[in-house]
Every structure is written in C-alpha cells, then in structure tokens.
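Data block below; observations after.
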C-alpha cells in the first residue's frame with residue numbers, strides 16, 4: 188500500500204523554506220541562537236522582537252533546513268523538540284555541545300548507520316548527532 192501527500196493546490200513555498208519546518212517555543216531563544224551557531228554552525232536568518240525586547244519570532248538555518256522559534260510567554264508555554272542531525276564529525280560536535288551547556292544522553296559510539304551520540308541542549312531540545320558511514 189502506498190500513500191501520497193495530499194495538498195489543496197500547489198503550495199507557494201518561499202525560497203529557503205521547506206514544506207515542513209519545526210517551530211519551537213523556548214525559555215531562552217537568545218541562548219538557543221548562540222548554542223546553534225556555536226555547535227552546528229547555524230546562520231541567523233531573521234529576528235523579530237516584541238515590545239519587551241524579547242524574541243517573538245526568529246529563524247536559523249543549518250544547511251538547507253530552517254528552524255523557527257520564539258521565546259516562551261505566559262500564553263505560549265515552552266515546547267521543545269527532538270532532532271536528528273548529520274554532521275561531519277559526531278565526536279567533535281558532541282564535545283562542542285557539552286562545552287556550550289548541553290547534557291550528554293549518549294556518548295559517541297559506532298552504530299550500523301554511522302558514528303552517533305545524543306545531547307539535550309540548555310532549552311531541553313534533544314539532538315541525535317550522527318556522522319554517516
């Protein structure tokens with residue numbers, strides 16, 4: 188049995204965006220930007236602040252993927268995610284993540300699909316970091 192993605196018409200997706208993108212609500216959006224730049228080499232695409240100078244919407248890019256996020260508020264509670272990311276060197280990336288405040292879930296080890304490890308970032312997101320074989 189096969190399945191197809193059903194859409195109403197053709198989506199007009201802007202350049203630099205994907206059909207599905209994560210949207211996180213974070214306790215420390217500013218800290219998330221710095222963590223992502225330091226650990227994964229993310230590029231900041233945009234940042235919009237509210238009247239209180241807190242991030243109400245921001246976007247980063249890692250490779251061709253966009254992650255959208257905002258700072259949590261009383262109305263919009265923290266909502267984190269789990270991610271699988273391919274990197275050039277899982278061991279080095281794991282070390283960078285720990286130095287940037289992440290907590291180790293699983294130290295780097297060889298798996299059938301590559302060298303892999305896991306961390307939880309300071310905002311509570313889970314990252315499964317893998318260097319493919």
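Numbering (this note's numbering), first residue to last: 188 to 320. Ideal Cβ placement from N, Cα and C applies to all residues, glycine included. Keep in mind the model is a prediction, meaning the values are calculated, not measured.
| field | DSSP-derived helix/strand/coil call for residue 220 | value | For the purposes of this step, residue 220 is taken as the residue at position 33 of the chain shown. Here residue 220 sits in helix by DSSP.
| request: Within the same chain, show all residues whose beta-carbon is closer than 6 Å to that of residue 298, passing over the 5 residues directly before and after it, in chain order. | output: Translated into the one-based positions of the chain shown, residue 298 becomes position 111. There are no such residues.
| query | Count the other CB atoms within 10 Å of the CB of residue 236; is the residue buried (16 or more) or exposed (fewer)? | reply | Residue numbering aside, residue 236 sits at position 49 when the chain shown is read from its first letter. A residue is called buried once 16 or more other Cβ atoms fall within 10 Å of its Cβ, and residue 236, having fewer, is exposed.
| CA-to-CA distance, residue 200 to residue 281, given in whole angstroms | Sequence index remark: in the chain shown, residue 281 carries index 94 (1-based). Sequence index remark: in the chain shown, residue 200 carries index 13 (1-based). Each residue's Cα considered, the two are about 33 Å apart.
| task | Put residue 313 into one of helix, strand or coil per three-state DSSP. | result | Taking the chain shown and counting its residues from 1, one reaches residue 313 at position 126. Three-state DSSP puts residue 313 in a strand.
| Is residue 297 helix, strand or coil by DSSP? | Locating residue 297 in the chain shown gives position 110, where the first residue counts as 1. Here residue 297 sits in strand by DSSP.
| query | Could you give the distance in angstroms between the alpha-carbon of residue 316 and the alpha-carbon of residue 252? | reply | The residue labelled residue 316 in the question sits at position 129 within the chain shown. The residue labelled residue 252 in the question sits at position 65 within the chain shown. Looking at the backbone, the Cα of residue 316 and that of residue 252 are separated by about 15 Å.
| request: Note down the Cα distance separating residue 256 from residue 269, rounded to an integer number of angstroms. | output: Position 69 of the chain shown, counting from 1, holds the residue named residue 256. Position 82 of the chain shown, counting from 1, holds the residue named residue 269. The alpha-carbon atoms of residue 256 and residue 269 are separated by roughly 14 Å.
| Opening and closing residue of the alpha helix (DSSP H) in which residue 280 lies | Within the chain shown, the letter at position 93 stands for residue 280. 277 to 286 is the extent of the alpha helix (DSSP H) around residue 280.
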